[in-house]
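Protein chains: 2
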Amino acid sequence: MTTKATGKQGKGAEERLQELGYRLTPQRSMVLSAIEGSPDHISTEEIYEQVKAKYPNVNISTVYRTLELLRELGMVTQTDLGEGRVRYHPAERGHHHHLICSRCGRIFELDESLLYPLKEALLREYGFMADLRHLAIFGRCRDCQG
Amino acid sequence: MTTKATGKQGKGAEERLQELGYRLTPQRSMVLSAIEGSPDHISTEEIYEQVKAKYPNVNISTVYRTLELLRELGMVTQTDLGEGRVRYHPAERGHHHHLICSRCGRIFELDESLLYPLKEALLREYGFMADLRHLAIFGRCRDCQG
DNA sequence: TTGCGTGCAAACGGTTTGCAGGAAC
DNA sequence: GTTCCTGCAAACCGTTTGCACGCAA
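Chains as they are written, first to last, in the numbering used here: chain C, 2 to 147; chain B, 2 to 147.
What follows is the structure, encoded as structure tokens:
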């Protein structure tokens with residue numbers, strides 16, 4: 002199979018894989034485009050289902066192995082939303098955070114700037130350099146209070 | 002087996018169980034005292050090991066069931082430190098948070114007051130009532146930077 | 001042609017469940 | 001005596017691994 006553009010970011014990521022000496026397989030392409038095509042964070046299972054729709058013989062272990070590779074290379078980022086499983090998004094989509102409503106389950110994205118004061122305070126008070134890329138905050142959303 | 006004091010907090014929790022109509026079994030007593038006797042957060046496996054030392058026939062499923070009950074009743078609190086397993090501490094031990102060094106693995110406790118500004122900002126900007134009891138922040142500790 | 005990447009199947013670790021027997025009340 | 005709780009064993013779910021084959025380079 003030849004490399005083909007799968008979306009705005011797709012080609013860049015695929016080329017990067019090859020430049021680093023990794024083989025560009027259809028499975029890897031499809032995992033990449035599933036992640037890049039997802040508006041929000043996507044789980045391994047969801048990626049697997051999406052890839053399987055086009056390519057029914059994929060095995061979920063291949064998806065796991067691909068995700069592990071992409072994570073090592075810093076091309077995708079993991080987020081643990083406390084579901085007992087991890088979710089992925091493209092690394093270049095930037096740092097953002099999650100407000101998870103523990104009643105309705107909705108997930109809201111939170112701008113990073115709100116966390117700067119906390120980050121500074123942690124460094125100042127504890128000498129701790131917080132990596133705030135994976136933050137999930139639980140609580141009640143506007144509609145679910147009271 | 003008769004109820005016996007297992008520590009400063011033990012008796013209160015055991016009595017509360019009985020008041021609510023639950024049976025006070027040795028297994029439940031021992032799970033409670035394992036949690037209350039632990040200086041920091043304790044995992045299910047660690048609780049199980051501790052109980053088994055005194056009472057070798059306990060089954061880990063009993064530990065899981067007891068922890069689920071205590072959690073439902075609000076007597077213990079879960080914390081997800083991103084280890085793929087959950088840790089417990091007594092609910093009355095109050096709210097506190099964790100700074101987890103992703104290099105050396107050490108866990109530092111963080112005073113809740115540092116989070117008040119964030120909590121206020123979330124409410125003001127997003128109408129989101131954050132429940133900051135379960136927060137885990139990853140990063141590099143003072144000794145592991147650079 | 002070479003060896004990396006894959007599909008398959010089995011194993012893993014933490015957790016949950018159905019059941020029958022035993023203990024708390 | 002009744003009912004709840006337990007131990008046991010098996011199932012569960014997400015994830016990882018060993019192996020031999022096949023495809024990207």
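Backbone N, C-alpha and C fix where the C-beta goes; we use that ideal spot for every residue, glycine too. Keep in mind that this is a model prediction, so the values were computed, not measured.
Let me confirm a value: residue i is counted as buried when at least 16 other C-beta atoms fall within 10 Å, else exposed. Which label applies?
i	result
B:Y117	exposed
C:D81	buried
C:A131	buried
C:G140	buried
C:Y56	exposed
B:L21	exposed
C:C142	buried
B:R88	buried
B:L93	According to the sequence provided, residue 93 of chain B is Glu. The question's Leu does not apply to it. Burial call: exposed.
B:T3	Model confidence at B:T3 stands at a pLDDT of 36, short of 50, so the residue's coordinates are unreliable; what they give is reported in the following sentence. Exposed, since its Cβ has fewer than 16 Cβ neighbours within 10 Å.
C:A54	exposed
B:P40	exposed
B:Q19	exposed
B:E15	buried
B:Q146	exposed
B:E126	exposed
B:E37	buried
C:S103	exposed
B:G8	Its pLDDT being 40, under 50, B:G8 is placed unreliably in this model, and the value from its coordinates should be taken loosely. Exposed: under 16 other Cβ atoms inside 10 Å.
Residues of chain C with a CB under 9 Å from the CB of residue i: which are they?
i	result
B:M130	G140, R141, C142, R143, C145 and Q146
B:A92	Those do not exist, as B:A92 stays about 16 Å from chain C at its closest Cβ, beyond 9 Å.
B:S103	D132
B:L68	The contacting residues do not exist; B:L68 stays about 15 Å from chain C at best.
Using a cut-off of 9 Å between C-beta atoms, extract the partners of residue i located in chain B.
i	result
C:Y127	L100, F109, L111, L115, C142 and R143
C:P118	P118, L119 and A122
Would residue i pass as a contact of residue j if the rule is Cβ separation under 8 Å?
i	j	result
C:T78	C:R29	no
C:L136	B:I138	yes
C:A35	B:L115	no
B:R86	B:T45	yes
C:H42	C:H90	yes
C:D133	C:H96	It is Leu, not Asp, that sits at residue 133 of chain C in the sequence shown. Going by C-beta atoms, C:L133 is nearer than 8 Å to C:H96.
B:L119	C:L74	no
B:M31	B:V52	yes
B:F129	C:F109	yes
Anything in chain B within Cβ reach of residue i, meaning under 7 Å, just list it in chain order.
i	result
C:A83	Looking at the sequence itself, residue 83 of chain C is Gly, so the reference to Ala does not match. Simply D81.
C:L18	Per Cβ cutoff of 7 Å: no residues; C:L18 is ~25 Å from chain B at best.
What does residue i reach in chain C if we use C-beta pairs closer than 8 Å?
i	result
B:L25	Result: empty, since nearest Cβ-Cβ is about 30 Å, beyond 8 Å.
B:K21	This sequence places Leu at residue 21 of chain B; Lys is not what is there. Those do not exist, as B:L21 stays about 23 Å from chain C at its closest Cβ, beyond 8 Å.
If the cut is a Cβ gap below 8 Å, which residues of chain B does residue i touch?
i	result
C:L33	Residues of chain B passing the Cβ test: none, with the nearest at roughly 25 Å.
* To do: With a floor of 4 residues, list each alpha helix (DSSP H) that falls wholly inside the region 83-144 of chain B, ordered by position along the chain.
  => Whole alpha helix (DSSP H) segments, 4+ residues: 117-127.
* Within the region 27-85 of chain B, ranges of the beta strand (DSSP E) (whole runs, at least 3 residues) -> For the region 27-85 of chain B, the continuous beta strand (DSSP E) assignments of 3+ residues that do not extend past its boundaries occur at 77-81, in sequence order.
* Within 8 Å of chain C by C-beta, residues of the region 44-78 of chain B in sequence order -> Residues: none.
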